[in-house]
Amino acid sequence: MISVTGEYLIGIVERHLNKTIALRRKAAGVDDGADLAATNEEIADFILSIPFFHDGLKDFIMGNTPVQTIIVSQPWEIAFMIRTKKWAESQEWLQSGSQPGPKFYLASPKVVSDSLNLPY
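Just so we're aligned, residue 26 is where the sequence shown starts under our numbering, counting upward by one.
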């Protein structure tokens with residue numbers, strides 16, 4: 026068991042997102058900054074749109090709860106990494122950058138049945 030913060034989980038998200046963000050930008054027709062790291066807005070859009078996380082977990086990661094740290098098991102942390110990687114590589118996420126209108130997470134709020142929640 027380890028104690029983790031929202032910032033720690035954002036770091037995991039950022040590492041996976043940075044591997045594919047250039048593909049999403051290209052789908053949106055943005056060639057500038059293809060080699061740049063994901064912006065804070067892109068990270069927030071990713072976290073809020075990921076269907077593999079329950080809202081409580083999203084709120085914790087985004088700092089919208091009074092809780093500063095959570096205790097997680099290694100299997101929970103691995104599940105978090107797997108789900109993050111899966112969404113970062115999904116065509117649904119990568120192609121959503123080309124959709125006009127509101128941010129992707131506003132247009133497509135959904136959670137899959139086996140989504141990850143806070144560990145308590």
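Heads up, the beta-carbon is just placed ideally off N, CA and C, and yes, glycines get one too.
Model, not experiment: these values are computed from the prediction.
Enclosing beta strand (DSSP E) for residue i [first to last residue]
i	result
Ser140	First-last for Ser140: undefined, no H or E at that position.
Val29	27-30
Val97	94-97
Near the ligand NAD: residue i beta-carbon under 8 Å from a heavy atom
i	result
Thr94	With respect to small molecules bound, the structure shown includes none, and the ligand NAD cannot be examined in it.
Coil, strand or helix - residue i by DSSP
i	result
Phe105	helix
Ile68	helix
Val38	helix
Lys44	coil
Leu82	helix
Tyr130	Caution applies to Tyr130, whose pLDDT of 47 falls short of 50 and renders its modelled position unreliable; the model cannot decide the point.
Residue from the options with nearest C-alpha to residue i
i	options	result
Val38	Leu48, Asn65, Asp57	Asn65
Ile107	Gly122, Leu34, Leu73, Gly81	Leu34
Pro100	Thr94, Thr30, Lys44, Leu141	Leu141
Limits of the alpha helix (DSSP H) - the one that residue i falls within
i	result
Ile75	Element bounds for Ile75: n/a, residue is neither H nor E.
Ser121	116-121
6 Å CB neighbourhood of residue i in its chain, flanking five on each side removed
i	result
Phe71	Leu42
Beta-carbon contacts of residue i that lie in its chain and below 8 Å, excluding the five residues immediately before and after
i	result
Pro144	Ile95, Ile96, Val97, Ser98, Trp101
Leu48	Leu119
Chain-order list of residues whose beta-carbon lies under 7 Å from that of residue i (same chain, five-residue window excluded)
i	result
Ile46	Ala63, Glu67
Between the stretch 76-90 and the stretch 48-57, do at least 3 Cβ pairs fall closer than 8 Å?
-> no
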